[in-house]
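Numbering follows numbering that gives the first Met the number 0, with no gaps: position 141 of the sequence shown is 140. Cβ coordinates follow ideal geometry from the N, Cα and C atoms, glycine included. Just below is one structure, and these are the notes that go with it.
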Amino acid sequence: MFDTTYRHFFFASGHAEGATPLNAFDGALLASGIGNTNLIKISSILPPGCIFLSPPPPVAPGKLVPVAYGTIFSDIPGERIAAGVAVAIPEDPSLPGVIMEYSSRGHKEEIETIVRDMAKEAFRVRDFPLKDVMSRAVDYVSKGSGAVFAGVVLWE
């Protein structure tokens, strides 16, 4: 049904205002570079041996895109919202990595610290030796209908 041979991943993040919460979310997706795709929300496992892509590749409109993500909306003018994702990479490339996502009110630095700690904890409970933690976070001050999005996209 789905291709399970994903060998790459990349980060996507953005923020936007919109007329409605869904329009704000759509705008945040557009700002992240994956707004014209069909997201398939995945849980938090990075396939073994996945390699980080930077810059992200061009994504064809309408493509089914597996992504673990955090998002939040605010309709309170002046409220700061943030979303972040982190990827824990194992020392042993035959082991899976872990993706963690988090969103809340606050600054991106706070959210990024929380999500990085979550990724480290996921490796601690698995008893996997940790090679690296990569992360991305975004924040935004709502003007009345704002959203943020941060995701880890699995790629071919």
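Secondary structure at E90: coil, using DSSP grouped into helix, strand and coil. At the C-beta level, A136 and A23 stay beyond 8 angstroms of one another. The C-alpha of A30 lies about 27 angstroms from the C-alpha of I88.
A Cβ-Cβ contact shorter than 8 angstroms links Y68 with K40.
Taking C-beta atoms as the reference points, V132 and R115 count as a pair closer than 8 angstroms. Apart from the 5 residues on each side of it in sequence, D126 has no Cβ closer than 6 angstroms to any other Cβ in its chain. Residue state for E78 is assigned as coil, using DSSP reduced to three classes.
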